[in-house]
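Structure first, then comments.
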Amino acid sequence: MMRRLLLGILSLALLAALSWAVLSLPAKPTGLTEASLAKLPESGVTNPVTAVLLNYRGYDTLLEVGVLLLAIVGVWSLRRGEWPANDLRDRPLLQSLLRVVLPLLMLAAGYLLWIGGFAPGGAFQGGALLGGALVLAMLGGRGRRVLNHERLLRAGLVLGALVFAAVCAVTMLLTGGLLQYPPGSGGTWIMAIESAALISIGLTLGLLYLGGRPTDTTPPSPPAHPTKHA
Amino acid sequence: MTSAWAIALLILSPLAAAALAFAFPGRGRGLALGTAAVVGAAIVQLTRAVLAGGVQTHRVGGWGAPLGIDLRADGLALLMLMVTAGIGTAISLYAQGYFRSGHDDEAPHRERYFWPLFLFLWTALNALFLSADIFNLYVTLELLGFAAVTLVALAGKRAALTAALRYLFVSLAASLFYLLGVGLVYGQCATVDLASLAAKAQPGPTLWVALALMTGGLIAKAALFPMHFWLPPAHANAPAPVSALLSALVVKGSFYILLRLWFEAFPALMTPGVAQLFGGLGAAAILWGSVQALLQPRLKLLIAYSTVAQLGYLFLLFPLAAAREGGFVAWSGGLIFLGAHACAKTAMFLTAGNILHAAGHDRIKDLDGITHSLPISAFAFGLAGLSLVGLPPSSGFAGKWLLLNSALAQGQWVWVALILIGSLLAAAYVMRVLSHAFTRVAEPTTPNPIPPVMEWTALALALLSVGLGFASHWVAELLRVGAPVLMGGAAP
Amino acid sequence: MMLQVFDWILLLVIVLLAWRSLNDRDLFRAVIKFIALGLLIAVAWVRLRAPDVALAEAAVGSGLTGALILSALVRMRRREGAAARTQREDPE
Amino acid sequence: MPDTDHRLYLLAGAALFVIGFYSLLVQAHLLRRIMALNVMGSGVFLVFIALAAQTPGPIPDPVPHAMVLTGIVVSVCATGLALALADRVLAATGRVELGDDEDAAASSDATPVASDARKEKPAA
C-alpha cells in the first residue's frame, strides 16, 4: 500500500513535469513540413508520409524492417507455435465466408500498397491487412500447407530485409549514396522495396499471432467427435 | 573502398548476414566470420579516412539533415566500432565451441538461433555508433534491446527467462522514455540531428524535461546505479558468449548515446550540477557494485556485479571531462578504460563459460585447483583481472591513469580517492577468485574436455585488454578527431 | 465549437478507458477495453489529420495487438488452470 | 486548424504515458504490464501527432507521422516478443508474475521447478 502511494506520488510528479514541458512548447512549432513539401517532387511519390518513410528517412525504415525480422526470429527461438484454440473448421458457413474474405483482404493489401504512393496507405498498412488475413486463415484452419513449409516461410520473412539491403547496395553503386535513388526513378525503387516489405510484414505479423516457430503445426485433429459424446 | 562504402558495409553486411543466417540455419558461423572480415576491412578503411581527412559524414539518401539522416564516423565512433569488431570476431570463434561442448539436448536449437540474433546485435551496435540522429538512435536501441533480451532467454533456464523478461520490461519502458524525449526535442527544435541541435538548443522547460526523460531511459538501459537491478541476473544467467556481449558492449551503447547527447547536442544544458550528479551516481555504482561482487557465491554473478561497478567509472567522465582544463585527458582516459573493460570483461565471461562447461558449476569456493585443469583460462582470467584492477602496463591502467591525472589537475580530490578505492575493491574480488583458482589440490578432478578455441579466444581478449595499453597514445589521437568542443577538442 | 466539445469528450474517454483497461479487476474485460482504446485512438489520429497513422493504428495497434493479447490470455488461462490442478494434488 | 486545441491532445498524451507507467510499476500480472507498455507508447505517439498537427502549412508535418508509423510497428513487435517470453516464464515458473526475490539468489543450475511453485494470494 505504501509502495502504491509512493509510486502514485512519483507518477503525479512525472505528469506535472510532462504537462509543464508540453505546455511550454512553441505554439507554432516549425517542423519540417515545408522542407518535406519542397522536396516532394524529387522523392518519386506524392504522399508526403511515404516520402518520409521510404525516401527522406528511408534508413530508419531499413532498420525497422530489421526489427520486424528480429522479432520473429526471437519469437521462434523462444517457443513452438500453437494453432488457435477456437478454430472455426467445423463451421461450413464461416468456411465459405473465409473463401470470399481472404482473397478480398489480399487484394485490399495490394491496393493499399499501390495507393500508398499518393494517398494514405503503404506497405505497413497493407502488410497489416495481409497479416490479418493470415490470422483469419489460421483461425479457419487454413493455410496449413504454407505454414508447414518452413523453408518457404523463412524465405518470405527475410525477403523484405534482403531486398531493402540490396537496394541500398545498388544505389551505392549507381549514385555513390546510400538509398540515394537516381534522379527520376525514386518511385520505382520505392515500389520495389515496398512490394518485398509487404510480403515480409504480412507474414511477420501473421506469424506473431502463431506465437512461435511452426514446427509440428499440424492442427490437432478436429475435436468434434470425442467432445460430442462426452 | 570509399568511406561511404565503408559506412554502408558496416551496417549492411551484418544485417544481410543476420537475415541469411535465419534463412539458412547451419550457415551461421560462416556468415559471422565473413561479417567479421568485411567489417574489419571497412573499419581499417574508415580509420584511414578519419585520420587523414577528419570526421566522415554520409548523408543517407543525399538529403542531409534535418530532412534526411546523417551517418557520421569520428574518432569516438571508430573506437566503439573497433571494440565491437574485436569482440564480435572473438565471439564468432568462441560460440560454436561453446554451443557444441555443452551437454544438453537443446544445444543445436540454441546454436541455430544464436547466430542470427548475434548478427542482429552486431548490426544494431554498428548502426548505433554511426548514427547522428536521435530518432534513428531510438530504432537502433530497440534493435539492440530485442536482440539482447532474446539472447539472454536463449539459455532457457528458469532464472534466465525471468531475468530476460524483466530486462525486456525495463528496456521497453526506457525506450519509451527516450522516445518521448525525442518528440519534445523535435517539437522545440524542429530537428533530430545531433549536430544541428547544438546550435538550436536553448535551455528551457521543454528541453530540460526532454533531456531528463532521455537520460532516465538511457541510464536504465546502461544499468547505472540505482537502475542496475536488472543487470546481474540477466548477465549472469545468459549463455557465456551472450554475457560477454552484454557486459562488454550492449550497456555501453546507451552510455555512448548519453555522451553524444550531453557533450555534443546539448552542451548548453551541461551544468556543473548535472556533471556532479552523474559523477555521484557513478561513485555509488563503483562502491555498491564492488561490495556486491565481493559477496557473490557464483563466478558469473561476481563478474556481473563487477560490470555494475566498472560502469561507474565511465560516468566519472561527466564531471571530469566537462571541464575545459584537462577535459580531453579525462575524455580519452574514460574511453580507453571503456575499451579495456570491454575486452577484459569478455575474457572473464568467456573464462567463466569454460569453467562452467569443464567443471559443471561456477561456485567460487569450489574452484580450487581449476588452474590445473584449465591453465590457459585461469591465466586469461588473471590477465583480464590485471587490466580490470588497473595495474600497469594494461590498458585499464592507462585509462585510470589519465582519469586520475585529470582529476588531480582539476583538484577534484573526491574522484581521485574514489578511483583508488574502486581499484582496491576490484583487486579484492579478483584475488578472491584467483586465490581459489591457484590453490593446489591433492587430487584434481578430471574436467569435461572443452574445445581449445574456447580457451584461446578468452586468452586473446585478455591479451588485447593488456596490450591496448601500449596503443593508448594512438587511441587518444584517434579520439581527438571530432572530440566535443566543450573540452577544447578540435572542432570538425 | 461542436468539434471542440467532441475533442474534450473523446480525450476524456480515452484517458478513462486507458485507466480502466489497465486496472479493471477482470482481466478479460480489461483486454476488451484495451482494444476499444486502440480504436478510439485511431479516431484521435483522424481528428489530428493523420489518416496514414489511423489506418496503421486500427489494423496493427488495436487489431493485431488486441488479437495477440487476447489469444495470449486464453493460452495463459489454460496453462494456469493446468498448473492449479497439479498444485491441488500437492499435499502442501 | 482553429477548432482543435492541440494542447489538449498533448496533455492527453502525457496522461496516457503516466497512466501506463504507473500501471507498469504497480501491476504484477504480465499481460497487464504488456498492455501498460502499449498505453505508454500510445501516449508518446499522441504527443508526436499532436505536435505535427500544430505546424504551420497546408498539411500536418509528415515527419512525426512517419516516426509514429515506425513506432507502431516496433510496438507490435515488442508485444509479440514479450508475450512469447511471458508464456515461457509461465511455463517455467507456473506464475504469471515476476517474483521479486528469486533472481538474486538464483543459481542457474538445476533448481527444481516445483520448489518455486508457491503462488501469491490472488487479490481478493
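These protein sequence lines are chains W, V, F and H, in that order. Quick note on numbering: the first sequence equals residues 112 to 341 in our numbering. Quick note on numbering: the second sequence equals residues 31 to 522 in our numbering. Quick note on numbering: the third sequence equals residues -17 to 74 in our numbering. Quick note on numbering: the fourth sequence equals residues 20 to 143 in our numbering. Just so you know, even glycine gets a beta-carbon here, dropped at the ideal spot from N, CA and C. Quick caveat, the model's predicted, so the values are computed rather than measured.
Assess contact between the segment 128 to 135 of chain V and the segment -15 to -3 of chain F, defined as three or more Cβ pairs (one per stretch) separated by less than 8 Å. Is contact present?
No, the segment 128 to 135 of chain V does not touch the segment -15 to -3 of chain F.
Should Leu61(V) and Ala51(V) be called a contact, given that it needs their Cβ atoms to be closer than 9 Å?
Going by C-beta atoms, Leu61(V) is nearer than 9 Å to Ala51(V).
Rounded to a whole number of angstroms, what is the C-alpha to C-alpha distance between Val511(V) and Leu346(V)?
Distance between the alpha carbons of Val511(V) and Leu346(V): 22 Å.
Am I right that Ala377(V) and Ala492(V) are in contact with their C-beta atoms under 8 Å? What's the rounded C-beta distance?
Going by Cβ atoms, the distance from Ala377(V) to Ala492(V) rounds to 4 Å, so yes, they are a contact pair.
Report the partner residues of Leu101(V) according to the DSSP bridge assignment.
Beta-bridge pairing links Leu101(V) to His88(V) and Ser161(V).
If the cut-off is 8 Å on Cβ atoms, which residues from the segment 216 to 250 of chain W count as contacting chain F, listed in chain order?
Those would be Leu223, Pro231, Gly232, Gly233, Phe235, Gln236, Ala239, Leu240, Gly242, Gly243 and Val246, in chain order.
What are the uninterrupted segments assigned as alpha helix (DSSP H) that are 4 or more residues long and contained completely in the segment 34 to 100 of chain H, given in chain order?
Fully enclosed alpha helix (DSSP H) runs of 4 or longer: 49 to 73.
Assuming Val176(W) and Gly271(W) are in contact, meaning their beta carbons sit under 8 Å apart, how far apart are those beta carbons, in whole angstroms?
Between Gly271(W) and Val176(W) the Cβ distance is about 5 Å, and since that is below 8 Å, they are a contact.
Mind reading off the beta-carbon distance from Leu432(V) to Gly363(V)? Whole number of angstroms is fine, and I expect it under 8 Å.
At roughly 3 Å, the Cβ-Cβ gap stays under 8 Å, so Leu432(V) and Gly363(V) are in contact.
Which runs of the beta strand (DSSP E) at least 3 residues long sit entirely within the segment 7 to 69 of chain F? Give them in chain order.
Segments of the beta strand (DSSP E) lying fully in the segment 7 to 69 of chain F: there are none.
Which runs of the alpha helix (DSSP H), 4 residues or longer, sit entirely within the segment 163 to 233 of chain V?
Listed in chain order, the complete alpha helix (DSSP H) runs (minimum 4 residues) inside the segment 163 to 233 of chain V are 164 to 183, 188 to 219 and 224 to 230.
Looking only at its own chain, which residues have a Cβ that is under 7 Å from the Cβ of Ala414(V), when we skip the five neighbours before and after it?
The answer, listed in chain order, is Ala374, Ala377, Met378, Ala492 and Ser495.
Judging by CA-CA distance, which residue of Ser147(W), Ile120(W) and Ser130(W) is the nearest neighbour of Thr221(V)?
Looking at the Cα atoms, Ser147(W) is the closest of the given residues.
Could you check whether the Cβ of Leu49(H) sits closer than 9 Å to any Cβ belonging to chain V?
At least one chain V Cβ lies under 9 Å of Leu49(H).
Below 7 Å on C-beta distance, what does Leu319(W) contact in chain F?
Simply Leu50.
Just the Cα atoms here: how many angstroms apart are Phe348(V) and Trp292(V)?
Distance between the alpha carbons of Phe348(V) and Trp292(V): 9 Å.
Starting from the C-beta of Phe150(V), find all residues in its chain whose C-beta is less than 6 Å away, skip the five residues before and the five after it, and write them out in chain order.
Hits under 6 Å: Ala48 and Ala177.
Enumerate in chain order the residues of its own chain whose CB-to-CB distance from Pro233(V) is below 7 Å, with the five nearest sequence positions on each side excluded.
If we look at Pro233(V) and ignore the five residues flanking it on each side, its Cβ neighbours are Ala298 and Leu299.
So, with DSSP's three-state summary, where would you put Arg115(W)?
Note: Arg115(W) maps to helix in three-state DSSP.
In whole angstroms, what separates the C-alpha of Phe409(V) from that of Trp35(V)?
Approximately 40 Å between the Cα atoms of the pair.
Starting from the N-terminal side, write out each stretch of the alpha helix (DSSP H) that is 4 residues or longer and does not extend beyond the segment 221 to 306 of chain W.
Listed in chain order, the complete alpha helix (DSSP H) runs (minimum 4 residues) inside the segment 221 to 306 of chain W are 234 to 250, 255 to 258 and 261 to 286.
Name the chain H residues whose beta carbon is nearer than 9 Å to that of Ala40(F)?
By Cβ distance, chain H contributes nothing, its closest Cβ being about 11 Å from Ala40(F), past 9 Å.
Given Pro481(V), which residues of its chain have a CB within under 6 Å of its CB, disregarding the five upstream and five downstream residues?
Taken in chain order, the residues that qualify are Gly127 and Ser131.
Does any heavy atom of the ligand GDP sit closer than 8 Å to the C-beta of Thr98(H)?
Questions concerning the ligand GDP fall outside what the structure shown contains, since it holds no ligand whatsoever.
So, do the segment 48 to 56 of chain F and the segment 76 to 92 of chain H have three or more beta carbon pairs nearer to each other than 8 Å?
Result no; under three Cβ-Cβ pairs closer than 8 Å.
Touching or not, the segment 147 to 166 of chain V and the segment 62 to 74 of chain V, by the rule of three or more beta carbon pairs under 8 Å?
Yes, the segment 147 to 166 of chain V touches the segment 62 to 74 of chain V.
Mind pulling the alpha helix (DSSP H) runs of 4 or more residues that sit fully within the segment 250 to 323 of chain V?
The segment 250 to 323 of chain V contains these whole alpha helix (DSSP H) runs: 261 to 267, 270 to 275 and 281 to 289.
Would you kindly check if the distance between the Cβ of Leu240(W) and the Cβ of Ala220(W) is under 9 Å?
Taking 9 Å as the Cβ cut-off, Ala220(W) and Leu240(W) qualify as a contacting pair.
What do you reckon, are the CB atoms on Leu329(V) and Ile406(V) nearer than 9 Å?
No, the Cβ-Cβ distance between Leu329(V) and Ile406(V) is not below 9 Å.
Taking Cβ to Cβ, would you say Gly155(W) is nearer than 9 Å to Thr299(W)?
Against a cut-off of 9 Å, the Cβ pair of Thr299(W) and Gly155(W) comes out as a contact.
Keeping to the same chain, check which residues put their C-beta closer than 8 Å to that of Gly98(V); ignore five residues upstream and five downstream.
Correct list, in chain order: Arg89, Val90, Gly91 and Gly92.
Determine, using beta-carbon pairs with one atom in the segment 156 to 173 of chain W and one in the segment 96 to 106 of chain H, whether at least three such pairs fall under 8 Å.
Contact fails: fewer than three Cβ-Cβ distances are below 8 Å.
What does Ser139(W) touch in chain V if you count any residue whose Cβ is under 7 Å from its own?
Checking the sequence shown, residue 139(W) turns out to be Lys, not Ser. In chain order: nothing, as chain V lies at least about 11 Å away.
Whose Cβ in chain V lies nearer than 8 Å to the Cβ of Trp131(W)?
The contacting residues are Pro235 and Val239.
Whole angstroms are fine: how far does the CA of Leu311(V) sit from the CA of Arg57(F)?
Computed Cα separation, rounded: 43 Å.
Please report whether the beta-carbon of Glu121(H) lies at a distance below 9 Å from any beta-carbon of chain F.
Caution applies to Glu121(H), whose pLDDT of 46 falls short of 50 and renders its modelled position unreliable; the value that the coordinates give is listed next. It does not: the Cβ of Glu121(H) has no partner Cβ on chain F nearer than 9 Å.
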